[in-house]
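Enquirer: Input: one structure, supplied below.
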Amino acid sequence: VPANGTVTEDFQGLRTEVEAVSKELALMDGQLCQLLLEGLEGVLRDQLALQALEEALEQGLSSEPVEPLGGPAGAVLECLVSPSRMLVLELAVPFVYLLGALNTLSKVQHQLLVEAMELKTLSRQLDLVGSLLEKSAPWQKRSTVSLPPELLKSGWGGETPAWVLLEECGLELREDPPHVHWEPQAQGHACALYASLTLLSDLSRE
Amino acid sequence: SAFEWLVRRVIQELDHGGDLIPVTSLQSSTGFKPYCLLVRKPASSWFWKPRYKHVNLSIKDILEPDAPEPVLQHGGPFHIRDTVDGQLRTSMEVAATGQGKVAGRVLVSDSSSTSLNVFSLSVGPNTWQALLQERRLRQPEHGILQQLRHRGDNVYVVTEVLQTQKDVEVTRTRRREGSGLISLAGAMCLQGTGQGHLSQKKTVTIPSGSVLAFRVALLVIHSNLEVILFPDKKQKTFQPPPTGDSREPPTDISMKGCISNFWTDA
């Protein structure tokens with residue numbers, strides 16, 4: 001939450017909120033980011049690991065020592081705890097935010113995020129989702145949003161990652177001309193997708 | 207997912223107030239039956255909603271079992287028809303049919319129209335009153351409840367659900383050209399329309415009785431048990447221990463209530 005404590009429920013507000021978290025991630029060492037990213041790839045492939053990591057971080061945020069975890073969740077967790085097994089809050093808090101966003105998304109979206117991390121296409125997807133959120137204001141009303149062709153260079157159609165990422169948010173899409181039918185119910189998912197793409201691309205230093 | 211799509215469509219038609227909470231996966235659907243206890247995961251953002259998680263416990267597990275089983279009120283069924291025209295779903299209609307009448311899944315007028323029936327189950331206000339008057343909190347407190355008390359988590363109880371009346375087959379088709387499409391048991395018929403080329407088809411069967419959406423109330427466990435249908439932000443399930451008092455919180459609920467009242471009065 002920005003320093004003045006006010007958040008407006010629009011794209012500007014979302015961007016302000018995400019940037020506040022992003023600033024914390026920017027302070028992280030590059031090697032640490034790489035370790036976290038590798039761990040996250042594993043966690044996104046395993047829903048149980050994602051839940052276990054979120055539970056462990058919640059436990060740690062209530063000032064309790066954190067129990068070690070196995071697998072990819074454990075690898076992420078070890079980056080965020082001190083030798084006394086207490087969470088390092090400066091690292092953990094932005095990560096809890098990111099996990100909250102990821103947990104709002106579907107399994108299919110998790111798989112596509114992993115692919116985008118591997119292919120280094122996170123920022124491309126981010127530009128598209130950001131553009132949609134900006135143009136679909138006010139979010140409380142249904143609308144039709146045209147997608148700019150320059151953001152669709154990597155393809156647009158029923159089987160492209162960009163299409164599926166948005167469709168999984170609960171949006172109806174059309175191919176020609178490319179546009180999206182905005183549904184107010186999709187707001188939570190779309191905003192969580194934007195936050196996930198922003199923070200993952202920050203971590204991967206794309 | 208196809209399940210989430212179905213949930214969204216049903217909520218869109220039946221919940222204009224926006225207070226029904228969608229179930230996000232078929233796998234977790236059974237955990238949201240009436241009387242099930244839930245915790246709420248706070249949202250880390252202003253922009254997405256908190257999630258509810260079931261704790262594998264019903265309110266009946268935390269009350270003494272010496273009273274008749276509480277009954278549930280049935281509503282609906284609500285008949286939802288999804289008409290598909292070419293590539294795009296164009297309309298949905300909702301009608302409440304006679305209570306108790308089993309309508310099931312019906313192929314409505316032509317090959318591209320399908321429908322489903324959902325109904326609601328809810329706990330009436332009088333049932334809550336009787337339940338809480340006649341049945342007392344089980345002692346000692348259930349282990350899961352003790353853990354939630356220790357964590358200071360609020361506990362919610364499911365008061366109303368919207369669930370499917372019959373098995374519903376949801377088919378998702380993707381076209382090599384043309385838009386993505388989801389329909390209720392209509393994919394085979396759509397192939398017959400000759401529009402576009404279907405390249406991928408996924409079908410999921412949602413069993414009858416699957417919970418699609420629910421409403422909750424806050425449980426307040428102090429000297430007695432209360433169900434708060436419209437809680438304010440200050441109300442908590444468990445009284446926080448008084449500040450400055452380093453003693454262990456009492457395990458006896460009525461004793462805790464006394465101490466809480468004492469501190470409030472003071």
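For the protein sequence lines, the chains are A and B, in the order given. Numbered per the working numbering, the first sequence spans residues 1 to 206. Numbered per the working numbering, the second sequence spans residues 207 to 472. For every residue, glycine included, the Cβ atom is placed at its ideal position computed from N, Cα and C.
(1) So for B:H428, helix, strand or coil by DSSP?
(2) Checking contacts by CB at 8 Å: is A:A49 closer than that to chain B?
(3) Buried or exposed for B:Q233, please, with buried defined as at least 16 other CB atoms from any protein chain shown within 10 angstroms of its CB.
(4) Let me make sure I understand the geometry here. Which of A:V66, A:D29 and A:P184 has the alpha-carbon closest to that of A:R205?
(5) Does the separation of the CB atoms of B:Q445 and B:I434 fall below 8 Å?
(6) Could you please give the first and the last residue of the uninterrupted alpha helix (DSSP H) stretch that includes B:H356?
(7) Report all residues from its chain with a CB closer than 6 Å to the CB of B:R342; omit the five preceding and five following residues, and keep chain order.
(8) In angstroms, rounded to a whole number, what distance separates the CA positions of A:L25 and A:P65?
(9) Return the residues of the region 3-34 of chain A that lie within a Cβ-Cβ distance of less than 8 Å from chain B, sorted by chain order.
(10) I want to verify the contact list: residues of chain B whose CB lies under 9 Å from the CB of A:S62, in sequence order.
(11) Is B:Y241 closer than 8 Å to B:V363 when the C-beta atoms are compared?
(12) Going along chain A in order, which residues have a C-beta closer than 9 Å to the C-beta of B:S207?
(13) What do you get for A:V88, buried or exposed, if any count of 16 or more other CB atoms within 10 angstroms of its CB means buried?
(14) Identify the contact partners of A:G42 in chain B, using a Cβ-Cβ distance below 9 Å as the criterion.
(15) Which of helix, strand or coil does DSSP assign to B:W254?
(16) With a threshold of 8 Å on Cβ separation, who are the neighbours of B:A336 within its own chain once the five nearest residues in sequence on each side are excluded?
(17) Once DSSP output is grouped into helix, strand and coil, what is the label at B:G281?
(18) Is there a Cβ of chain A sitting closer than 8 Å to that of B:F238, yes or no?
(19) Quick one: using the 10 Å Cβ neighbour count with 16 as the cut-off for buried, is B:P228 buried or exposed?
(20) Taking A:G100 as the reference, give the member of A:L203, A:E55 and A:Q185 with the closest Cα.
Expert: Quick look at the numbers:
(1) Taking the second sequence and counting its residues from 1, the one referred to as residue 428 of chain B is at position 222. Note: B:H428 maps to coil in three-state DSSP.
(2) What you label residue 49 of chain A is simply residue 49 of the first sequence in a count that begins at 1. No, its Cβ sits nowhere closer than 8 Å to a Cβ of chain B.
(3) The residue labelled residue 233 of chain B in the question sits at position 27 within the second sequence. Result: exposed.
(4) Position 205 of the first sequence, counting from 1, holds the residue named residue 205 of chain A. That would be A:D29, whose Cα lies nearest to the Cα of A:R205.
(5) One-based indexing of the second sequence puts residue 445 of chain B at position 239. One-based indexing of the second sequence puts residue 434 of chain B at position 228. It is not a contact, given that the beta carbons lie outside the stated cut-off.
(6) Taking the first residue of the second sequence as position 1, residue 356 of chain B is located at position 150. First-last of the alpha helix (DSSP H) with B:H356: G349 to R357.
(7) By 1-based counting over the second sequence, the position of residue 342 of chain B is 136. Contacts found: E270.
(8) Locating residue 25 of chain A in the first sequence gives position 25, counting from the first residue. Locating residue 65 of chain A in the first sequence gives position 65, counting from the first residue. Approximately 23 Å, taken between the alpha carbons.
(9) V7, E9, G13, L14 and E17
(10) Position 62 of the first sequence, counting from 1, holds the residue named residue 62 of chain A. Those within 9 Å of A:S62 in chain B are R357 and G358.
(11) In the second sequence, residue 363 of chain B corresponds to position 157, counting from 1. In the second sequence, residue 241 of chain B corresponds to position 35, counting from 1. The answer is yes: Cβ separation under 8 Å.
(12) The sequence position of residue 207 of chain B within the second sequence is 1, counting from 1. Within 9 Å Cβ-Cβ: S106, K107, V108 and E168.
(13) Taking the first residue of the first sequence as position 1, residue 88 of chain A is located at position 88. Exposed is the call here.
(14) By 1-based counting over the first sequence, the position of residue 42 of chain A is 42. Those do not exist, as A:G42 stays about 21 Å from chain B at its closest Cβ, beyond 9 Å.
(15) Position 48 of the second sequence holds residue 254 of chain B. Coil.
(16) By one-based count along the second sequence, residue 336 of chain B stands at place 130. The answer, listed in chain order, is P276.
(17) Taking the second sequence and counting its residues from 1, one reaches residue 281 of chain B at position 75. Annotated three-state conformation of B:G281 is strand, per DSSP.
(18) Counted from its first residue, the second sequence places residue 238 of chain B at position 32. It does not; no Cβ of chain A falls within 8 Å.
(19) Here residue 228 of chain B corresponds to residue number 22 of the second sequence, with the count starting at 1. Looking at its Cβ environment, which holds 16 or more other Cβ atoms inside 10 Å, B:P228 is buried.
(20) Within the first sequence, numbered from 1, the residue matching residue 100 of chain A stands at position 100. Of the candidates A:L203, A:E55 and A:Q185, the one whose C-alpha sits nearest the C-alpha of A:G100 is A:E55.
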